[in-house]
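Participant: Sharing a structure with you now.
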Amino acid sequence: MLNRVILIGRLTRDPELRYTPAGVAVTQFTLAVDRPFTSQGGEREADFIPVVTWRQLAETCANYLRKGRLAAVEGRIQVRNYENNEGKRVYVTEVIADNVRFLESANREGGGGGGQPMREEPSYGGGGGRASNNNASRSNNQDPFSDDGKPIDISDDDLPF
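Residue numbers (our numbering): 46 to 206.
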């Protein structure tokens with residue numbers, strides 16, 4: 046059996062950090078993920094997917110992610126149910142994340158020059174962090190993908206293999 050999900054989307058609000066009675070950190074947030082097609086009216090639609098993270102990953106997400114930030118989430122789908130105050134059974138479908146990657150830097154908000162130094166935001170939950178860019182012709186505040194399809198000059202020293 047296999048239950049794996051990979052999503053890339055933007056946070057609809059700041060993550061909400063809480064602690065269980067046992068002191069375990071849990072964070073909840075919602076990702077807006079664009080659908081790969083447009084509606085009949087020509088508008089792009091999105092799905093709003095609830096995400097839950099636990100322990101150290103939860104604290105890291107609460108510290109670094111903010112509303113509107115682009116993030117990649119890897120995890121599994123979980124369906125749970127409970128009885129609400131009116132005695133009705135409520136079903137909840139959510140993604141339990143075990144890996145979250147931050148796809149935008151902190152200073153992209155406010156036009157990119159916002160006075161904060163650019164810092165490498167790590168990826169947590171597995172895998173390595175973002176590779177550094179040793180190309181001296183690029184400024185730290187520029188979008189590395191703004192070349193509009195033009196080739197990027199990469200030396201052999203930048204390759205991991």
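Cβ atoms here follow ideal geometry from the backbone N, Cα and C, with glycine treated the same way. Since the structure is predicted, the reported quantities are computational estimates derived from the model, not experimental observations.
1. Which residues in the same chain have their Cβ closer than 6 Å to the Cβ of R111, if we skip the five residues on either side of it in sequence?
2. Starting from L102, trace the alpha helix (DSSP H) in both directions and tell me its first and last residue.
3. From the DSSP output, which residues share a beta bridge with L148?
4. Tell me the residue span of the beta strand (DSSP E) that contains T72.
5. Of all the options V118, A117, R134 and E119, which has the alpha carbon lying nearest to the alpha carbon of R125?
6. Contact defined as beta carbons within less than 8 Å: I believe V140 pairs with G113. What is the distance between those atoms, to the nearest angstrom?
7. Please state whether DSSP places E61 in a helix, a strand or coil.
8. If we ignore side chains and look at the alpha-carbon of each, how far apart do D79 and R89 end up?
9. Going by C-alpha to C-alpha distance, which of F147, Q73 and D92 sits closest to A103?
10. If I follow the unbroken beta strand (DSSP E) through R49, where does it start and stop?
11. By the three-class DSSP mapping on this structure, what secondary structure does N130 have?
12. Mapping DSSP to helix, strand and coil, what is A67?
13. Per DSSP, which one or two residues make a beta bridge with R114?
14. Among Q85, T65 and G86, which residue has its Cα nearest to the Cα of T98?
15. Could you name the residues that DSSP lists as bridge partners for D92?
Facilitator: In short:
1. D59
2. Secondary structure note for L102: its alpha helix (DSSP H) is the uninterrupted segment R100 to Y109.
3. Paired residue(s): none; L148 is not in a bridge.
4. Its beta strand (DSSP E) spans residues A70 to T83.
5. Ranking the options by Cα distance to R125, first place goes to R134.
6. Not really, about 19 Å apart at Cβ, beyond 8 Å.
7. When DSSP states are grouped into helix, strand and coil, E61 belongs to the strand group.
8. 7 Å
9. Q73
10. No beta strand (DSSP E) holds R49; DSSP gives it neither H nor E.
11. coil
12. coil
13. Per DSSP, none; premise fails for R114.
14. The residue with the shortest Cα to Cα distance from T98 is T65.
15. V78
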